[in-house]
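Student: So the protein sequences, as listed, match chains A and B.
1 is the number of the first residue of the first sequence in the working numbering; add one for each residue after it.
1 is the number of the first residue of the second sequence in the working numbering; add one for each residue after it.
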Amino acid sequence: MFAIFQYPFIQNALIAGSMVAIVAAVLGYFLIVRGLSFAGHALSSIGFAGAAGAVLLGVSPIYGLMVFTVTASIAISILGREVRERDVATGVIMTFALGLGILFLSLYHGYAEQAYSILFGTIVGVSRDDVVFTFLLGLILLIMIAIIGRPLLFSSFDAELAETRGVPVRALGSIFLVLIALTISITTQVVGVLLVFALLIGPPATAVRLVHQPFRAIVLAAILGLTYTWLGILLGGNSPWPVSFFITALSFGVYLPVRLSSKGIDSKRSAKGFEKLSVADPALPSEKERHD
Amino acid sequence: MIEILRHSFVQNAFLAGVIVAILSSFVGYFIILRGQAFACEALSHVGFTGALAAALVGASALEGMFLFTLLAAFGIGALGKRLSGRDLEVGMVLSFVLGLGVLFLSLYTKNATEAVGVLFGSILSVTINDVQVILGSGVFIIILMVVLFRPLLFASVEPEVAEARGIPVQQLSILFLILLAISVAVAVKVVGVLLVFALLVVPAAAAEHLTHRPWLAIGTSILISLFSVLAGLILAFIGHWPVSFYIVSLTSLFYFMALIVHALRSPRRYRELPHPSREVFPPSD
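So, in structure tokens, the structure goes:
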């Protein structure tokens with residue numbers, strides 16, 4: 001069962017997968033707190049066009065993914081500001097990008113197989129170069145989120161108050177979307193464009209239902225993400241079924257019972273979590289100040 | 001060009017495209033009004049798994065999609081009573097179902113062509129049987145939408161007031177999800193799972209920017225999607241690019257044009273007047 005770990009491609013998969021799992025879980029937490037899960041989904045679909053375009057040009061899909069998702073994240077934060085219905089604007093950009101993706105792929109020859117690997121991930125096909133790149137980018141992303149995490153959290157919970165305290169709310173929001181775009185670019189290698197949710201949203205969505213203090217939730221999300229990825233690779237390596245299926249099934253299989261057993265308490269609890277946070281951190285407003 | 005129209009697969013494609021364009025405008029108007037764009041997205045992904053499961057047991061793709069999207073519609077309706085937090089649940093179900101789709105795909109065949117057909121649409125492979133099913137569901141949906149138009153509109157715009165007036169808001173909401181599920185299943189046949197948004201949401205969103213009158217908005221939306229589907233099909237026969245790419249590009253183009261028209265048209269007097277606090281802190285949204 002564990003013999004598969006001798007193969008270099010499985011080792012590559014494990015290293016890249018671990019980094020991706022941690023980064024996705026940490027950034028996913030903020031995505032949930034900000035209520036941007038749809039944008040996460042849309043950015044990954046937009047990445048499909050980028051990956052397909054890169055394949056057409058003969059470069060590694062990761063570069064195409066990065067260019068498209070980062071551009072789209074900037075477009076979304078500009079459009080979303082002017083247009084009332086951000087979801088729809090996001091959806092239109094997403095659909096158009098998917099249309100472009102299908103065009104790129106139809107111009108390319110190995111059409112169906114290539115589409116499949118972009119859409120559903122090919123973790124065992126990750127090369128040593130990809131691993132190094134993923135690792136470095138993941139590290140940068142973690143450092144960035146460590147720097148902006150605290151003000152970002154503050155502005156996510158109470159944007160107006162944060163603004164009056166001098167937190168650059170809009171700039172933070174835009175930077176965050178760019179970070180999400182980069183996270184999605186590397187996550188796509190593991191689970192594919194369509195299943196990014198399983199690593200980006202699944203672990204933090206489960207974690208916020210179990211613990212309510214932000215830092216603990218982030219750590220728990222990272223642990224969950226790592227577990228899903230390792231188990232997924234282990235199970236996928238030992239069976240004919242795809243790795244991405246196991247990761248999504250684990251992610252959902254843990255989320256479902258947790259979600260059902262903690263029905264309807266999320267809004268109350270997250271408010272409580274905020275109070276705890278404010279007591280622990282003098283930089284954040286206290287209970288009394290918030291009600292003034 | 002006219003020669004092409006003699007082929008039965010071309011006729012089927014045009015028929016299916018026209019029906020789907022009309023019915024999706026009715027449903028799309030309410031998707032926008034009720035803010036259920038994400039639910040529509042999720043249902044279409046569920047349709048993917050349905051189509052592949054059908055392929056696995058040897059049934060037709062449409063049957064599989066109907067079964068799975070309907071089940072998912074009930075699931076979404078039962079799970080998410082509160083609007084907040086619904087995105088997460090929908091998203092989680094969505095990714096799990098897609099994962100199942102991948103599994104079915106790997107069980108069914110190593111060949112990915114089937115999946116790509118479902119994902120990106122295969123309007124040229126629509127059979128006369130499919131056209132009949134699409135026509136049947138189209139007529140069913142449009143009649144129901146016309147009958148339920150006023151209560152559904154009321155329940156979508158002012159759910160609390162509608163409830164107080166004795167309108168069964170909850171039941172209407174589930175019924176709408178069911179209609180949405182059927183529309184998604186037939187729209188997938190035309191543009192594919194990933195591009196369902198292009199027909200169900202984009203034309204309606206464009207129309208919504210052009211007019212606030214419900215029937216006029218639906219009419220505009222029908223015009224936009226009919227034009228996009230027909231022009232998309234014709235362009236695809238002339239050029240060599242996929243039909244769904246043309247349809248998506250055309251509807252997106254309409255959406256962005258509508259955005260511009262809307263921005264140019266909004267009269268000055270409705271703009272927010274400068275306010276002391278707003279001058280210091282610009283509105284965050």
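Yeah, the Cβ is synthetic: ideal placement off N, Cα and C, and Gly gets one too.
1. Tell me whether I167 (chain B) sits in a helix, a strand or coil according to DSSP, three-state version.
2. If you pair each beta-carbon of the segment 93-101 of chain B with each one of the segment 55-66 of chain B, do three or more pairs fall below 8 Å?
3. State the start and end residues of the unbroken alpha helix (DSSP H) segment that holds V10 (chain B).
4. Between S73 (chain A) and chain B, is there a C-beta pair that is closer than 8 Å?
5. Output the boundary residues of the alpha helix (DSSP H) element that contains Y255 (chain B).
6. Taking L313 (chain A) as part of the alpha helix (DSSP H), name the residues at either end of that continuous run.
7. Output needed for S294 (chain A): all residues of its chain with C-beta closer than 6 Å, excluding positions within five of it in sequence on either side, in chain order.
8. Can you name the residues of chain A whose CB is closer than 7 Å to the CB of V102 (chain B)?
9. Closer than 7 Å, Cβ to any Cβ of chain A: which residues of the segment 233-257 of chain B, in chain order?
10. Given A205 (chain A), which residues of its chain have a CB within under 7 Å of its CB, disregarding the five upstream and five downstream residues?
11. Ignoring anything shorter than 4 residues or poking outside the segment 22-87 of chain A, list the alpha helix (DSSP H) runs there in chain order.
12. I'd like the list of long-range same chain contacts for L142 (chain A), defined as Cβ closer than 8 Å, with 5 residues on each side in sequence excluded.
13. Could you check whether the Cβ of G99 (chain A) sits closer than 8 Å to any Cβ belonging to chain B?
14. For I134 (chain B), does the count of other Cβ atoms within 10 angstroms reach 16, so buried, or fall short, so exposed?
15. Determine the chain A residues that contact V202 (chain B) at a beta-carbon separation under 7 Å, and present them in chain order.
16. Quick check on this structure: which residue in A:F38, A:L105, A:V88 and A:P242 has the alpha carbon closest to the alpha carbon of V102 (chain B)?
17. Among A:V191, A:I180, A:G166 and A:P257, which has the Cα closest to the Cα of L14 (chain A)?
18. Taking 7 Å as the limit between beta carbons, can you name the residues of its chain near V83 (chain A), skipping five residues before and five after?
19. For the alpha helix (DSSP H) that contains P168 (chain A), what are its first and last residues?
20. Among A:I186, A:G225 and A:P203, which has the Cα closest to the Cα of L136 (chain A)?
21. Shortest alpha-carbon distance to P61 (chain A) belongs to which of A:L179, A:G232, A:L119 and A:L231?
22. In angstroms with no decimal places, state the Cα-to-Cα distance between V55 (chain A) and R128 (chain A).
23. Measure the beta-carbon distance from M66 (chain A) to L182 (chain A) and round it to whole angstroms, keeping in mind my assumption that it falls under 8 Å.
24. Is there a C-beta anywhere in chain A that falls below 8 Å from the one on F26 (chain B)?
25. Given that I32 (chain B) touches chain A, what residues does it touch there, using C-beta distances under 7 Å?
26. Distance check for G50 (chain B) and T286 (chain B), CA to CA, integer angstroms please.
27. Please report the straight-line C-alpha distance between M65 (chain B) and I46 (chain A), rounded to a whole angstrom.
28. Are the segment 193-205 of chain A and the segment 244-252 of chain A touching by the rule of at least three beta carbon pairs closer than 8 Å?
29. Give the DSSP-derived three-state secondary structure of H240 (chain B) in the structure shown.
30. What's the C-alpha gap between V146 (chain B) and L36 (chain A)?
31. Keeping to the same chain, check which residues put their C-beta closer than 7 Å to that of V202 (chain B); ignore five residues upstream and five downstream.
32. Name the chain B residues whose beta carbon is nearer than 8 Å to that of G202 (chain A)?
33. Roughly how many angstroms lie between the CA atoms of G17 (chain B) and Q132 (chain B), to the nearest whole one?
34. Would F133 (chain A) and A97 (chain A) qualify as a contact pair, given that the criterion is a beta-carbon distance under 8 Å?
35. Output needed for P214 (chain B): all residues of its chain with C-beta closer than 8 Å, excluding positions within five of it in sequence on either side, in chain order.
36. Per DSSP, what kind of secondary structure is D158 (chain A) in: helix, strand or coil?
Tutor: Quick look at the numbers:
1. Here I167 (chain B) carries a coil assignment [DSSP, helix/strand/coil].
2. No: fewer than three Cβ pairs fall under 8 Å.
3. S8 to R34 is the span of the alpha helix (DSSP H), which, as asked, contains V10 (chain B).
4. No, S73 (chain A) lies away from the interface with chain B (no Cβ there is under 8 Å from its Cβ).
5. If you look at Y255 (chain B), you'll find it in the alpha helix (DSSP H) that goes V243 to R265.
6. This structure cannot speak to residue 313 (chain A), because chain A is shown only from 1 to 292.
7. Nothing about residue 294 (chain A) can be read from this structure; chain A reaches only from 1 to 292.
8. What V102 (chain B) touches in chain A: F120, P242, S244 and F245.
9. Residues of the segment 233-257 of chain B with a Cβ closer than 7 Å to any Cβ of chain A, in chain order: W241, P242, S244, F245, V248, S249, S252 and Y255.
10. A distance below 7 Å between beta-carbons, with the five flanking residues on each side excluded, links A205 (chain A) to the following residues of its chain, in chain order: I32 and Y255.
11. DSSP runs (the alpha helix (DSSP H)) wholly in the segment 22-87 of chain A: 37-57 and 61-82.
12. Scanning its chain for C-beta atoms nearer than 8 Å, with the 5 sequence neighbours on each side dropped, one finds around L142 (chain A) the residues I22, V23 and V26, in chain order.
13. Answer yes: the Cβ-Cβ gap between G99 (chain A) and chain B drops below 8 Å somewhere.
14. It counts as buried.
15. Around V202 (chain B), the beta-carbon contacts reaching into chain A at under 7 Å are V92 and T95.
16. The residue with the shortest Cα to Cα distance from V102 (chain B) is A:P242.
17. Nearest neighbour of L14 (chain A) by Cα position, chosen from A:V191, A:I180, A:G166 and A:P257, turns out to be A:V191.
18. For V83 (chain A), the predicted structure reports a pLDDT of 44, less than 50, and the residue's modelled location is therefore unreliable. The matter cannot be settled from this model.
19. Unbroken run through P168 (chain A): none, as it is neither H nor E.
20. Nearest C-alpha to L136 (chain A): A:I186.
21. When only C-alpha atoms are compared, the closest one is A:L119.
22. Distance from the CA atom of V55 (chain A) to the CA atom of R128 (chain A), rounded to whole angstroms, is 19 Å.
23. Correct: roughly 6 Å between the Cβ atoms.
24. It does not; no Cβ of chain A falls within 8 Å.
25. Chain-order list of chain A residues neighbouring I32 (chain B): V88, by C-beta distance under 7 Å.
26. With chain B covering 1 to 285 only, the question about residue 286 (chain B) has no answer from this structure.
27. For M65 (chain B) and I46 (chain A), the distance between alpha carbons rounds to 24 Å.
28. The segment 193-205 of chain A makes contact with the segment 244-252 of chain A; the number of CB pairs closer than 8 Å reaches 3 or more.
29. Coil at H240 (chain B), not helix or strand.
30. Answer to the nearest angstrom: the Cα atoms are 34 Å apart.
31. Scanning its chain for C-beta atoms nearer than 7 Å, with the 5 sequence neighbours on each side dropped, one finds around V202 (chain B) the residues T251, S252 and Y255, in chain order.
32. Contact annotation for G202 (chain A) against chain B: M92 and S95 [CB-CB distance below 8 Å, chain order].
33. The straight-line gap from Cα to Cα measures roughly 13 Å.
34. Not a contact, by the Cβ cut-off of 8 Å.
35. These residues qualify, in order along the chain: Y29, F149 and L153.
36. In the structure shown, D158 (chain A) sits in coil (DSSP, three-state: anything other than H, G, I, E or B).
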